[in-house]
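Q:
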Amino acid sequence: MAALTPAGAVCGARATAPHAGESRTVVPIRHWGRWLAAAAALTSLVGLIGSLAGNKNLHWDIVGHYVFADLVFNGLATTLWLTAAAMAVGLGLGVLVAVMRLSSNPVLRTLANAFVWIFRGTPLLVQIIFWGYAGALYKHILIGIPFTHITFLDMDTNTVLTPAVAALLALGLNEAAYASEIVRAGIQSVDAGQAEAAHSLGMRPALTTRRIVLPQAMRVIIPPLGNETINMLKMTALVSVISAHDLMSNIQDVYAQNYQVIPMLVVASIWYLILVTALGLPQSWLERRYGRGTAPATPATGPLQRLVTGAALRISRTGPAASTDSKG
Amino acid sequence: MVHAEGVRKHFGKVSVLRGIDLSVERGRVCCLLGPSGSGKSTFLRCINHLEKIDGGSLSVDGAPVGHRQQGNRLYELKEREIARARRDIGMVFQRFNLFPHMTALENVMEAPVKVAGVTRAEARADALRLLDRVGLADRAERYPAQLSGGQQQRVAIARALAMKPKLMLFDEPTSALDPELVGEVLDVMRQLAAEGMTMVVVTHEIGFAREVADTAVFMDGGVVVEAGDPRQVLGDPQQERTRTFLSKVL
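Chains as they are written, first to last, in the working numbering: chain A, 11 to 338; chain B, 8 to 257.
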């Protein structure tokens, strides 16, 4: 603030360089090595792209033909909704399981531990097949009192557990087991004083978790959850075994017929890359949203971003009275 | 307001409180002093049930802490009832414990809106009035990370006052502050005491205790060594232990 400028300018030392009197100029370090390395990397990259683009064996015509094919779009739609729905189930259930595992109630704790133990301890492929062929194990889904003939609900398994529902259940439950551990780590990363302060204000445990602990835990939870989402995007390919048609299954169907394995896999890779890139946007938005209040925003990481923010910074530094914030 | 008789507390095998007797009348200020590890913070935390006592009896405003009395029996309270009882007891922590994801204003509004069910508009007006009272009306939209320690602690006091407590607990409210910021927090507490708030203050600020407290209590090793008029306890202590402690801190 204005009142602080005399002292602030000296320790801030951003507007004017250190030790710089009226007559002296400061020469910043020149990173020649970086420029050389960047040039070398760029040359290699151009070479690589050129050789890939010119490679007849990659059949770019086939790639171009299939990259916007209906079949691919249909698979893409399945992959997308399955990923979104499975992550929603996984995260919702994961939060519940995490809170249960941290509960003081031994019954809840044991149930949650058993859930994580089973769904994290068995292969996902087995779980998908189990849900997909549950109809072979149980013809009917009954809800009633065990060992009596009293039933409240009786449904045919195969009409309820369609391939899509089975896929969603399998992926969602499996994800919940992993997500619960991520959420638990996030909750435990929040200082115990936060919950104490909330309790001292008369907030009940559930409200404290929802309003105070979870929003702060989100900062820790989001990056690994971004990983999980990207993983899920590709794991949906596993549901081909119960004939749900995601992107990867459809691609496999095509190259099983035309034998163009590599070009078709390039098509798949292009789309997965596009999806993963698109997922980065909501993630960085969420990270900023839950980073509220924790000092400066996460630094720009990409070279492009750095170039932009770097330029912006340089402008603000040379501008009048850099924003040194008063703390007094 | 606060009545303790033979309060005991142990963590595992370590006895932290070994029979505390203490009474704080309504509208009075009681300062708890003593070396670290003497149990003063633990005792304070027992008053609003952040810690459970293991023996003796402790009551706030006539109601046993954490229990409901029916005839000759004490029933343990459920979470909901404990939370209900805590509404009337404000607490200020050494490390402030402001909610970092909320602005100063939101920190103060949170409990009235979410716990007491006050409308947002009313809570907002109330919160702004309280922030003004602690001298921070112009910092309402700042996040805790953008405030100095002294400002954070004053927001924390406003936050506790927002629930209109009948008792305020202070757990070393100035111990985490830069020396030059201690004064602004003590000023707010002094003002609060002058307005007749019942306060229990764990502190190392001997000057504040001498000036503001109605009772000074010197604790060591989980027992009350000496208690009474602060001029007596701090000016002319009768116990050797109190004298050696005071000679070191003054």
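Note that CB positions come from ideal geometry on N, CA and C, so glycine has one too. Remember, predicted model here, so these are calculated numbers, not experimental data.
How close, in whole Å, do the beta carbons of Q204/A and V223/A come, if the pair is a contact with beta carbons under 8 Å?
A: Contact flag correct, Cβ pair sits at about 6 Å.
Q: Output, in sequence order along the chain, the residues in the segment 203-217 of chain A whose CB is closer than 7 Å to any CB in chain B.
A: Against chain B - using a Cβ distance shorter than 7 Å - the residues of the segment 203-217 of chain A are G203, Q204, E206, A207, H209, S210, L211, G212, M213, R214, P215 and L217.
Q: Indicate the three-state DSSP secondary structure (helix, strand or coil) for L177/B in the structure shown.
A: At residue 177/B the sequence reads Phe, which differs from the Leu that was named. Here F177/B sits in strand by DSSP.
Q: Do you know how far the Cα of E218/B is from the Cα of A99/A?
A: It is Val, not Ala, that sits at residue 99/A in the sequence shown. The alpha-carbon atoms of V99/A and E218/B are separated by roughly 60 Å.
Q: Using C-beta distances below 7 Å, list every residue in its chain close to Q245/B, excluding the 5 sequence neighbours before and after it, in chain order.
A: If we look at Q245/B and ignore the five residues flanking it on each side, its Cβ neighbours are E233.
Q: Using a Cβ-Cβ cut-off of 6 Å (strictly less than) and excluding sequence neighbours within five positions of A111/B, which residues of its own chain qualify?
A: So the qualifying residues of the chain are R146, A147, R149 and V162.
Q: By the DSSP assignment, the alpha helix (DSSP H) with Y82/B in it spans what residues?
A: Per DSSP, Y82/B belongs to no alpha helix (DSSP H); it is in the beta strand (DSSP E), R80 to E83.
Q: Report the residues of the segment 28-60 of chain B with a CB closer than 7 Å to any CB of chain A, ordered along the chain.
A: Answer set for the segment 28-60 of chain B: N55 and L57.
Q: Of all the alpha helix (DSSP H) runs that stay within the bounds of the segment 195-253 of chain B, which reach a length of 4 or more residues?
A: Whole alpha helix (DSSP H) segments, 4+ residues: 213-219.
Q: Have a look at L14/A and R166/B and give me their C-alpha separation to the nearest angstrom.
A: Interpretation of L14/A is limited by its pLDDT of 43, a score under 50 that renders its predicted location unreliable; the figure taken from the coordinates is listed afterwards. Their backbone Cα atoms lie some 29 Å apart in a straight line.
Q: On a Cα-Cα basis, can you pick out the residue from E185/A, I153/A and S113/A that is closest to Q198/A?
A: Looking at the Cα atoms, S113/A is the closest of the given residues.
Q: Suppose the cutoff is 8 Å on Cβ atoms and the five residues either side in sequence are ignored; what does the same chain contact list for L135/B look like?
A: The residues are L112, A144 and A147.
Q: Leaving aside the five residues before and after M228/A along the sequence, list all residues of the same chain whose C-beta is less than 6 Å from its C-beta, in chain order.
A: Cβ within range, chain order: Y300.
Q: Suppose only complete runs of 3+ residues qualify. What are the beta strand (DSSP E) ranges in the segment 16-52 of chain B, listed by chain order?
A: Here the runs fully enclosed are 21-31 and 36-40.
Q: Anything in the segment 220-231 of chain A with a Cβ closer than 8 Å to a Cβ of chain B? List those residues in chain order, please.
A: Within the segment 220-231 of chain A, the residues whose Cβ lies closer than 8 Å to some Cβ of chain B are R221, I222, P225 and Q226, listed in chain order.
Q: Count the other C-beta atoms from every protein chain shown that fall within 10 angstroms of the C-beta of D256/A, then say buried if there are 16 or more, exposed otherwise.
A: Flag for D256/A reads buried.
Q: Grouping DSSP H, G and I as helix and E and B as strand, with all else coil, what is G156/B?
A: Helix, per DSSP.
Q: Using C-beta distances below 8 Å, list every residue in its chain close to Y282/A, excluding the 5 sequence neighbours before and after it, in chain order.
A: Once the five neighbours on either side are set aside, the close Cβ partners of Y282/A are L243, K244 and L257.
Q: For V73/A, I'd like the list of residues in its chain whose CB is within less than 7 Å of its CB, leaving aside the five on either flank, ordered along the chain.
A: Closer than 7 Å at Cβ, skipping near neighbours: P273, V276 and V277.
Q: Assuming the contact rule is C-beta atoms closer than 8 Å, L199/B and M175/B should be a hit. Round their C-beta distance to whole Å, please.
A: Yes, they are in contact, since the Cβ atoms of L199/B and M175/B sit about 7 Å apart, within 8 Å.
Q: Let's test the definition: count the other Cβ atoms within 10 Å of the Cβ of N65/A and tell me whether it reaches 16, buried, or not, exposed.
A: With fewer than 16 Cβ atoms within 10 Å of its Cβ, N65/A is classed as exposed.
Q: Quick check: is any heavy atom of the ligand ATP less than 7 Å from the C-beta of N67/A?
A: This structure does not include the ligand ATP; it has no bound ligands of any sort.
Q: Using a Cβ-Cβ cut-off of less than 8 Å, give me the residues of the segment 279-305 of chain A that come near chain B, in sequence order.
A: Going along the segment 279-305 of chain A in chain order, one finds Y300, R302, G303, T304 and A305 with a Cβ nearer than 8 Å to chain B.
Q: Starting from G154/A, trace the alpha helix (DSSP H) both ways and give me its first and last residue.
A: Segment H150 to G154 is the beta strand (DSSP E) holding G154/A; no alpha helix (DSSP H) there.
Q: On the DSSP bridge assignment, give the partners of A67/B in chain order.
A: With the sequence shown as reference, residue 67/B is identified as Val, and Ala is not the correct amino acid for it. BP columns for V67/B point to V9/B and A70/B.
Q: Are C37/B and V224/B close, meaning C-beta to C-beta below 8 Å?
A: Yes, the Cβ-Cβ distance between C37/B and V224/B is below 8 Å.
Q: Spatial neighbours of R127/B within its chain, please: C-beta separation below 8 Å, excluding the five flanking residues on both sides.
A: Excluding positions up to five away in sequence, the list reads M116 and V120.
Q: Distance, Cα to Cα, L68/A vs I280/A?
A: Approximately 14 Å, taken between the alpha carbons.
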